[in-house]
Amino acid sequence: MWGMIATWRMALEGVEQSRTLLANHQSAGDAIEEAIKAVEDFPYYKSVGYGGLPNEEMEVELDAAYMDGTSFDFGAVCALKDVANPISVARKLSKQAVNNVLVDQGAKAYAQKEGFEQKEMLTDRAKIHYHNRLVDMKQEQLVPYAGHDTVGMVALDAHGQMVAGTSTSGLFMKKKGRVGDSPFIGSGLYVDSQIGGASATGLGEDIMKGILSYEIVRLMKEGKHPQEACEIATFSLEQELIARRGQAGDISVVAMDHQGRWGSASTIDNFSFVVTTETEGTVVYRTKRDGQRMEHSVADQEWLDRYLADRMQPLVVRKEGEDE
Ligand code: ASP
Numbered sequence: 001m002w003g004m005i006a007t008w009r010m011a012l013e014g015v016e017q018s019r020t021l022l023a024n025h026q027s028a029g030d031a032i033e034e035a036i037k038a039v040e041d042f043p044y045y046k047s048v049g050y051g052g053l054p055n056e057e058m059e060v061e062l063d064a065a066y067m068d069g070t071s072f073d074f075g076a077v078c079a080l081k082d083v084a085n086p087i088s089v090a091r092k093l094s095k096q097a098v099n100n101v102l103v104d105q106g107a108k109a110y111a112q113k114e115g116f117e118q119k120e121m122l123t124d125r126a127k128i129h130y131h132n133r134l135v136d137m138k139q140e141q142l143v144p145y146a147g148h149d150t151v152g153m154v155a156l157d158a159h160g161q162m163v164a165g166t167s168t169s170g171l172f173m174k175k176k177g178r179v180g181d182s183p184f185i186g187s188g189l190y191v192d193s194q195i196g197g198a199s200a201t202g203l204g205e206d207i208m209k210g211i212l213s214y215e216i217v218r219l220m221k222e223g224k225h226p227q228e229a230c231e232i233a234t235f236s237l238e239q240e241l242i243a244r245r246g247q248a249g250d251i252s253v254v255a256m257d258h259q260g261r262w263g264s265a266s267t268i269d270n271f272s273f274v275v276t277t278e279t280e281g282t283v284v285y286r287t288k289r290d291g292q293r294m295e296h297s298v299a300d301q302e303w304l305d306r307y308l309a310d311r312m313q314p315l316v317v318r319k320e321g322e323d324e
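Going letter by letter, the sequence shown gives residues 1 to 324 in full-length UniProt numbering.
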């Protein structure tokens, strides 16, 4: 059995590409890197790689991580600027004995030295989003964070090896140097080829409080189905946060176990994810929450097309006093 699961519909094209790799018995590592690169390279996804939204100083700072579930090799970059594919740098770092996690200038110098493609990652489109956000912020009291869009993936290959990866530009308008859960082992991702893997997206500051991806893998180790593990981990973290702090940020997760069974949970209603397995083909699901349980439905073509069209529609530069 082989398969792959990924957060958000934006992963679809990349997962489809990697399905061919997995079907040809190539490695889970290649499947993860190729699929995430496809998302990083697509200019209209404004939360990952090229076209990602900037921090408050209008710089695109990217976080990415790669974990091998067999060796436990782990690599990550945080606040990396002007490198085309952060996931590839993270994968390369995972192969080193030490110095696996590099930040900012150190990460950039490493990427340059190793010959990774350098690229200005701030697009004109992202500049318009930034400008419009400044206009909106003058007019209304905006919540610091709305919506979440990290791409996180888990793959199982035909040889039984599992790998997980993440890539994100983090929160729009974040402070310079702010890093969320995505590049942190245990929080944004975790994988053990003997059990399974998980990845999270949402408010990183809250996901880290529950070391959420590790918790899902731990529950699977106890024998829980990935779906049950995702629901228990996500909703108990949400409950804890509300009990202790009065509120919880958005949290969404995906998981796959070493048999290719999968699961997903989300505290919001419009989460989507992509699954491909040897037996099921590639399917995009939309989630709906029913208390502490999830209901997943297959996304129809109209919804899939609209998702892309929405992201690619022309942007209007807003002036003060104008509505969105
Ligand atoms: N988890 C990411 C972060 O906190 C954001 C996201 O998933 O959109 O940086």
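Virtual Cβ for every residue (Gly too), placed ideally from N, Cα, C.
Annotation for A243: the continuous alpha helix (DSSP H) segment containing it runs 226-245. Judged by DSSP in its simplified three-state form, K288 adopts strand. The criterion of a C-beta distance shorter than 8 angstroms is satisfied by K138 and E320. Sequence-distant partners of A38 (beyond 5 residues in either direction) whose C-beta falls short of 7 angstroms from its own C-beta, in its chain, are E13, G14, Q17. The beta carbon of T123 sits closer than 8 angstroms to the beta carbons of P43, Y50, G51 from its chain, once the five residues preceding and following it are set aside; these are given in chain order. CA-to-CA, the gap between T20 and V275 works out to about 14 angstroms. Taking C-alpha positions only, E57 is separated from Q259 by approximately 45 angstroms. L237 sits away from L203, with the two beta carbons spaced by 8 angstroms or more. The alpha carbon of I185 has as its nearest neighbour, out of N24, A76, A11, the alpha carbon of A76. Short note on S213: C-beta not closer than 7 angstroms to any heavy atom of the ligand ASP. Look at the beta carbons and you see the segment 290-300 not touching the segment 95-113: under three pairs across the two are nearer than 8 angstroms. In the DSSP assignment, W303 falls within the alpha helix (DSSP H) that extends over 301-312.
Near the ligand ASP, residues with a Cβ at less than 7 angstroms from any of the ligand's heavy atoms are S47, D63, H148, D149, T150, T168, G170, L171, G180, D181, S182, G188, A200, T201, G202, L203, G204, E205, I207; the list follows chain order. Annotation for I242: A248 place their beta carbon closer than 7 angstroms to its own, counting only its chain and skipping 5 residues before and after. Taking a C-beta distance under 8 angstroms as the contact criterion, D82 and E120 qualify as a contact pair.
Rounded to whole angstroms, the separation of the alpha carbons of M162 and H25 is 13 angstroms. Distance from the CA of I207 to the CA of V283, rounded to the nearest whole angstrom, comes to 26 angstroms. Residue pairing by DSSP puts E295 in a beta bridge opposite K288.
When the five nearest sequence neighbours on each side are left out, the beta carbons in the same chain lying within less than 7 angstroms of the beta carbon of I128 are those of L315, V317, in order along the chain. In the three-state reduction of the DSSP assignment, A79 falls in the strand class, which pools E and B. Residues of the same chain with a CB within less than 8 angstroms of the CB of H131, apart from the 5 flanking positions on each side, are V317, R318 in chain order. Measuring C-alpha to C-alpha distances from G170 to each of T150, S88, T287 identifies T150 as the nearest. A distance below 8 angstroms separates the beta carbons of I36 and S167. For R178, the closest alpha carbon among the candidates I232, Y307, L62 is that of L62.
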